[in-house]
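Protein chains in written order, with my numbering: chain D, 48 to 160; chain E, 5 to 117.
Ideal Cβ placement from N, Cα and C applies to all residues, glycine included.
Model, not experiment: these values are computed from the prediction.
Below: the structure, in structure tokens.
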Amino acid sequence: EADIYQTPRYLVIGTGKKITLECSQTMGHDKMYWYQQDPGMELHLIHYSYGVNSTEKGDLSSESTVSRIRTEHFPLTLESARPSHTSQYLCASRQGTTNEKLFFGSGTQLSVL
Amino acid sequence: RKEVEQDPGPFNVPEGATVAFNCTYSNSASQSFFWYRQDCRKEPKLLMSVYSSGNEDGRFTAQLNRASQYISLLIRDSKLSDSATYLCVVNIGGYSSASKIIFGSGTRLSIRP
Numbered sequence: 048e049a050d051i052y053q054t055p056r057y058l059v060i061g062t063g064k065k066i067t068l069e070c071s072q073t074m075g076h077d078k079m080y081w082y083q084q085d086p087g088m089e090l091h092l093i094h095y096s097y098g099v100n101s102t103e104k105g106d107l108s109s110e111s112t113v114s115r116i117r118t119e120h121f122p123l124t125l126e127s128a129r130p131s132h133t134s135q136y137l138c139a140s141r142q143g144t145t146n147e148k149l150f151f152g153s154g155t156q157l158s159v160l
Numbered sequence: 005r006k007e008v009e010q011d012p013g014p015f016n017v018p019e020g021a022t023v024a025f026n027c028t029y030s031n032s033a034s035q036s037f038f039w040y041r042q043d044c045r046k047e048p049k050l051l052m053s054v055y056s057s058g059n060e061d062g063r064f065t066a067q068l069n070r071a072s073q074y075i076s077l078l079i080r081d082s083k084l085s086d087s088a089t090y091l092c093v094v095n096i097g098g099y100s101s102a103s104k105i106i107f108g109s110g111t112r113l114s115i116r117p
């Protein structure tokens with residue numbers, strides 16, 4: 048079983064609110080990722096990190112921001128939520144070597160009203 | 005052109021049938037390959053890694069053809085529980101710290117009784 052946790056599991060919030068989606072892993076993995084996925088659609092990489100103080104934007108433009116102050120923690124923040132941000136957000140991590148598999152958290156289903 | 009391409013399906017096959025999926029990737033420097041399974045509204049989970057020599061895990065067989073840059077997954081004696089979306093995953097960029105995990109859009113499989 049993967050030791051990677053996301054909270055909250057579900058979040059319903061009003062437009063304009065600031066939100067932070069939490070992601071933590073206890074495996075000591077260097078690399079962490081945030082994906083966005085709409086129902087029945089493909090995963091889109093929105094942010095990734097190779098280690099502490101390292102963050103990069105992914106292939107899909109996102110208004111969210113991330114930080115990596117500690118190895119185990121990779122939170123995602125939306126300063127002002129909008130209905131277009133409604134989606135599932137999946138956090139993942141893996142060890143640094145090439146052949147290591149990706150472990151996923153259970154995801155956060157965000158609904159912005 | 006997408007970096008990782010899959011036939012979206014859906015594949016609708018009877019229980020007990022053999023079904024095969026293909027996936028192509030564009031970056032010849034890609035180093036590692038995986039098949040993930042994703043159930044509806046769940047996170048992706050690793051099904052199997054794909055090795056150059058091909059590998060088998062029970063009813064599942066994965067093959068890699070580097071010359072043609074495609075990966076395949078074969079499922080024999082399919083079960084109702086095999087119904088899911090199968091994601092082809094490629095590690096782009098090899099061993100450098102710039103490597104990224106790229107997901108295909110997924111192939112939907114539905115097994116009917």
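Three or more beta-carbon pairs under 8 Å between the stretch 97-112 of chain D and the stretch 71-85 of chain D, yes or no? The way I'd put it, the stretch 97-112 of chain D does touch the stretch 71-85 of chain D; three or more beta-carbon pairs between them come closer than 8 Å.
Interface flag, glycine 154 of chain D vs chain E, CB-CB below 9 Å: Sequence index remark: in the first sequence, residue 154 of chain D carries index 107 (1-based). Answer yes: the Cβ-Cβ gap between glycine 154 of chain D and chain E drops below 9 Å somewhere.
Residues of chain D with CB under 9 Å from isoleucine 105 of chain E, in chain order? On the second sequence, position 101 is the one that residue 105 of chain E refers to. Within 9 Å Cβ-Cβ: Lys78, Tyr80, Leu92, Tyr95, Ala139, Arg141, Leu149.
Bounding residues of the beta strand (DSSP E) (the contiguous stretch that carries aspartate 61 of chain E): Looking up residue 61 of chain E in the second sequence gives position 57. Element bounds for aspartate 61 of chain E: 59-61.
Flag arginine 41 of chain E as yes if its beta-carbon sits less than 9 Å from any beta-carbon of chain D, otherwise no. The residue you call residue 41 of chain E lines up with position 37 of the second sequence. Judged by the 9 Å Cβ criterion, arginine 41 of chain E is not in contact with chain D.
What residues of chain D sit near glycine 110 of chain E, judged by a beta carbon separation below 7 Å? Walking along the second sequence from the start, residue 110 of chain E turns up at place 106. Result: Glu89.
Return the first residue and the last residue of the beta strand (DSSP E) that glutamine 73 of chain E is part of. Here residue 73 of chain E refers to the residue found at position 69 when the second sequence is read from its first residue. Where glutamine 73 of chain E is concerned, there is no enclosing beta strand (DSSP E), given that its DSSP letter is neither H nor E.
Going by the beta-carbon positions, is the gap between asparagine 26 of chain E and serine 76 of chain E smaller than 9 Å? Here residue 26 of chain E refers to the residue found at position 22 when the second sequence is read from its first residue. Here residue 76 of chain E refers to the residue found at position 72 when the second sequence is read from its first residue. Going by C-beta atoms, asparagine 26 of chain E is nearer than 9 Å to serine 76 of chain E.
Neighbourhood of serine 32 of chain E by C-beta distance below 7 Å, restricted to the same chain and skipping five residues each side: Counted from its first residue, the second sequence places residue 32 of chain E at position 28. Here the set comprises Gln73.
Is there a C-beta anywhere in chain D that falls below 9 Å from the one on phenylalanine 38 of chain E? Locating residue 38 of chain E in the second sequence gives position 34, counting from the first residue. For phenylalanine 38 of chain E, the closest Cβ of chain D is nearer than 9 Å.
DSSP on leucine 84 of chain E, reduced to helix/strand/coil? The residue you call residue 84 of chain E lines up with position 80 of the second sequence. The answer is helix: DSSP assigns leucine 84 of chain E an H, G or I state.
Short of 7 Å in beta carbon distance, which residues of its chain neighbour proline 55 of chain D, apart from the five on each side in sequence? Order them along the chain. Locating residue 55 of chain D in the first sequence gives position 8, counting from the first residue. Cβ neighbours of proline 55 of chain D within its own chain (closer than 7 Å, five residues either side excluded): Thr155.
Beta-carbon gap between tyrosine 136 of chain D and glutamine 83 of chain D smaller than 9 Å: For the purposes of this step, residue 136 of chain D is taken as residue 89 along the first sequence, with counting starting at 1. For the purposes of this step, residue 83 of chain D is taken as residue 36 along the first sequence, with counting starting at 1. Their beta carbons are under 9 Å apart, which means tyrosine 136 of chain D touches glutamine 83 of chain D by this criterion.
For a test of the three-state rule: what should DSSP assign to serine 140 of chain D, helix, strand or coil? Translated into positions along the first sequence, residue 140 of chain D becomes position 93. Correct three-state label for serine 140 of chain D: strand.
Beta carbon of alanine 88 of chain E, beta carbon of glutamine 42 of chain E: below 9 Å? Translated into the one-based positions of the second sequence, residue 88 of chain E becomes position 84. Translated into the one-based positions of the second sequence, residue 42 of chain E becomes position 38. Yes, these two residues count as a Cβ contact at 9 Å.
For serine 114 of chain D, which residues from the same chain have a beta carbon less than 8 Å from its beta carbon, with the 5 sequence-adjacent residues on both sides left out? By one-based count along the first sequence, residue 114 of chain D stands at place 67. Answer for serine 114 of chain D: Thr102, Phe121, Pro122, Thr124, listed in chain order.
Short Cβ contact (9 Å threshold) for glutamine 10 of chain E with serine 85 of chain E: Position 6 of the second sequence, counting from 1, holds the residue named residue 10 of chain E. Position 81 of the second sequence, counting from 1, holds the residue named residue 85 of chain E. Contact annotation: glutamine 10 of chain E and serine 85 of chain E have beta-carbon atoms that are not nearer than 9 Å.
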